[in-house]
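995 is the number that our numbering gives to position 291 of the sequence shown; each next residue is one higher, with no gaps.
Glycine included, C-beta positions come from ideal geometry on N, C-alpha and C.
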Amino acid sequence: MFAVALVIAVLATTSGSIAHAEEPPIVVAPGDHGGVFGHPTVDLGAHLPGRPGQPDSISESQGGSTASCLYDQVSDTPPPGYEGPWEPGMQAGHQVGSSLGPGVDWGSCQVGWVVNRTEPNTPGPSAAVLAQQAYRQLVLPLPVPRHSPDLRLADGRPATVVGEHTWLWTEPVAWSPQRKRLDVGPVWAEVIATPVAMEFTPGDGSQAIRCAGPGTAFDRVRFGVHAASPDCDYVYQRSSFGKPDDQVTAEYAITWQVTWTGSTGAAPAGGTLAPLTSRATARFAVAEIQALRAG
Numbered sequence: 705m706f707a708v709a710l711v712i713a714v715l716a717t718t719s720g721s722i723a724h725a726e727e728p729p730i731v732v733a734p735g736d737h738g739g740v741f742g743h744p745t746v747d748l749g750a751h752l753p754g755r756p757g758q759p760d761s762i763s764e765s766q767g768g769s770t771a772s773c774l775y776d777q778v779s780d781t782p783p784p785g786y787e788g789p790w791e792p793g794m795q796a797g798h799q800v801g802s803s804l805g806p807g808v809d810w811g812s813c814q815v816g817w818v819v820n821r822t823e824p825n826t827p828g829p830s831a832a833v834l835a836q837q838a839y840r841q842l843v844l845p846l847p848v849p850r851h852s853p854d855l856r857l858a859d860g861r862p863a864t865v866v867g868e869h870t871w872l873w874t875e876p877v878a879w880s881p882q883r884k885r886l887d888v889g890p891v892w893a894e895v896i897a898t899p900v901a902m903e904f905t906p907g908d909g910s911q912a913i914r915c916a917g918p919g920t921a922f923d924r925v926r927f928g929v930h931a932a933s934p935d936c937d938y939v940y941q942r943s944s945f946g947k948p949d950d951q952v953t954a955e956y957a958i959t960w961q962v963t964w965t966g967s968t969g970a971a972p973a974g975g976t977l978a979p980l981t982s983r984a985t986a987r988f989a990v991a992e993i994q995a996l997r998a999g
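This is how it looks when you write it as structure tokens:
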């Protein structure tokens, strides 16, 4: 992160040969049911929204507004093809655009290499700004949908049974805290996302149910054939006949509580960020018992 005092574009003949890093897939959404990423609710001095998994964003002021430039590389050495003077305090940044999207002219947020020189004693990013950047880069695991009964129709499609307790759970690999840490000198911030609940939307038109944990894997010996799950199940009241492919599309959604800790370089820092949600779907039939056969 650095204040821009001088911007020198690298020769156009060399910029075309520099490969841009591809953005990693976005696998999370914020805690709103519509899945639209919005501003975090906590006031940490951030001005712009972002998307998890993007490269670093660096806020810069242009004409009284605050822009957010995305960088996939930052270097203390001259970039390829740079022929100008190189002085102490200069850095090269490979910008990949603005987090505000295409078509927005923020001057210094062009795509390609730029050279910047920090003024003496220019303050670096705060721990809160680093927390926001780590929050946008955090990538969360998707739920791994599981249910029981998990039987098969005659044509091989998975199915559960009308009137039975359908146990619901996700594999443990998707249920563990996730972390992302960024450091700039003595200033650092680490974001921790902790799974706190799972919602199951049955796909039959009913409202989602909320489970306090990842659910319990079905164990016939321990619980019996017709027992209810101790923490996460749903009873379908009618078959899925008439729906597309005679199946329901159910959704499993893990809610993640997000906090951060860090240091200003002189004192501890920390706070709370907006919750995140990772989602996955599963398709299966809901059938009357006489339509089933042993798998």
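Residue-chain proximity (residue i, chain B), Cβ-Cβ < 8 Å
| i | result |
| --- | --- |
| S982 | The structure shown has no chain B; it contains just one protein chain. |
Cβ shell of residue i (< 7 Å), same chain only, five flanking positions each side left out
| i | result |
| --- | --- |
| Y938 | T870, L872, F904, P906, I913 |
| G828 | M705, V888, G889, V891 |
Residue i, DSSP secondary structure in three states
| i | result |
| --- | --- |
| R861 | coil |
| V929 | coil |
| Q795 | strand |
| V935 | One detail in the question is off: residue 935 reads as Asp in this sequence, not Val. In the structure shown, D935 sits in coil (DSSP, three-state: anything other than H, G, I, E or B). |
| T985 | strand |
| Q777 | strand |
| Q841 | helix |
| Q951 | coil |
| A970 | coil |
| E992 | coil |
Cβ neighbours of residue i in the same chain (closer than 6 Å, five flanking residues each side left out)
| i | result |
| --- | --- |
| S830 | none |
| R987 | Q951, T953 |
| Q777 | H798 |
| T965 | E894, G974 |
Local Cβ density within 10 Å of residue i, reported as buried at 16 or more and exposed below that
| i | result |
| --- | --- |
| R840 | buried |
| E894 | buried |
| V833 | buried |
| D791 | Per the sequence shown, the amino acid found at residue 791 is Glu instead of Asp. It is exposed - the Cβ of E791 has fewer than 16 other Cβ atoms within 10 Å. |
| Q837 | buried |
| P789 | exposed |
Distance cut-off 7 Å: residue i Cβ against heavy atoms of the ligand MG
| i | result |
| --- | --- |
| Y839 | Of ligands this structure carries none, so the ligand MG is not represented either. |
Nearest to residue i (by Cα), restricted to the options the options
| i | options | result |
| --- | --- | --- |
| D935 | H851, D859, P789 | H851 |
| G946 | R883, A989, E787 | A989 |
| F922 | A991, R861, L844, T874 | T874 |
| P847 | P918, R926, V925 | P918 |
| S880 | G867, T864, A901 | A901 |
| D908 | Q941, R883, T920, P849 | Q941 |
Own chain, CB closer than 8 Å to residue i, minus 5 neighbours either side, in chain order
| i | result |
| --- | --- |
| P972 | T965, G966 |
Quiz item: Mind pulling the alpha helix (DSSP H) runs of 4 or more residues that sit fully within the region 843-924?
Solution: DSSP runs (the alpha helix (DSSP H)) wholly in the region 843-924: none.
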